[in-house]
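Working notes, beginning with the structure itself.
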Amino acid sequence: MNATQPVGDATRPTPEQIDAVMLAARVLVAVSAQSVASVEDRVTLPQLRILVVIASRGPQNLASVAQGLGVHPSNATRTCDKLVNAGLLHRSDDPADRRNLVLQLTASGQQLVQNMIEHRRTAIANVLATMAPQLRSDLAPALLAFAEAAGEIPPSRAWSLGWTTDHPGVSGKT
16 MNATQPVGDA TRPTPEQIDA VMLAARVLVA VSAQSVASVE DRVTLPQLRI
66 LVVIASRGPQ NLASVAQGLG VHPSNATRTC DKLVNAGLLH RSDDPADRRN
116 LVLQLTASGQ QLVQNMIEHR RTAIANVLAT MAPQLRSDLA PALLAFAEAA
166 GEIPPSRAWS LGWTTDHPGV SGKT
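Taking the working numbering, the leading residue of the sequence shown gets 16, the next gets one more, and so forth.
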């Protein structure tokens, strides 16, 4: 479906198409939940969210992390303190503005996020391996078009987790 088509257009998605996407979404949610469960013995879900934001966006100041997650800065501070104490996050002075602190993943933090992503990639690869090659070939462009229609950025290594680019930088400036 072309994202620019008017709502009343005769080429609207069919109930079958909508149901198919809903079913696929359930599978993807299950895969995501399993990948999160693979690291839940080390971090809580709020802690994982912070690690993933920093992994996908690069070093951030605390205000940017709080804003990106939609939480109060004091909640982000407490959660980040626990991640620093666990050796998953490193806190240092921002060279551009010494009033700010920069948060970045440690090697252990990077490995934890990478393990979760690899768990997810393996589960998806296992599902794809059961599909006919032609269906897999047809699926990739359809899913990319779906993501684009939904407003997601094109996939790339830097943004492999799917966050958009409208976030404040390390110094809090956009």
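Positions of the beta carbon are idealized from the N, C-alpha and C atoms, including for glycine.
Have a look at residue i and residue j and give me their C-alpha separation to the nearest angstrom.
| i | j | result |
| --- | --- | --- |
| Q149 | I139 | 17 Å |
| T26 | A39 | 21 Å |
| L98 | L127 | 12 Å |
| V42 | A48 | 10 Å |
| N141 | H134 | 11 Å |
| M131 | V44 | 14 Å |
| A91 | P30 | 41 Å |
| P28 | A35 | 11 Å |
| A70 | E55 | 17 Å |
| Q82 | P88 | 8 Å |
| V117 | L143 | 39 Å |
DSSP three-state call for residue i: helix, strand or coil?
| i | result |
| --- | --- |
| D56 | coil |
| R106 | strand |
| R27 | coil |
| L176 | Because the pLDDT of L176 is 48, which lies under 50, any placement of that residue in the model is unreliable, and the question is left without a value. |
| G124 | helix |
Look up residue i in the DSSP assignment and give the residues it is bridged to.
| i | result |
| --- | --- |
| L118 | Q75, R106 |
| D112 | D109 |
Practice prompt. Assess, as a yes-or-no matter, whether the stretch 150 to 158 is touched by the stretch 98 to 114 under the definition of 3 or more beta carbon pairs within less than 8 Å.
Written response: no
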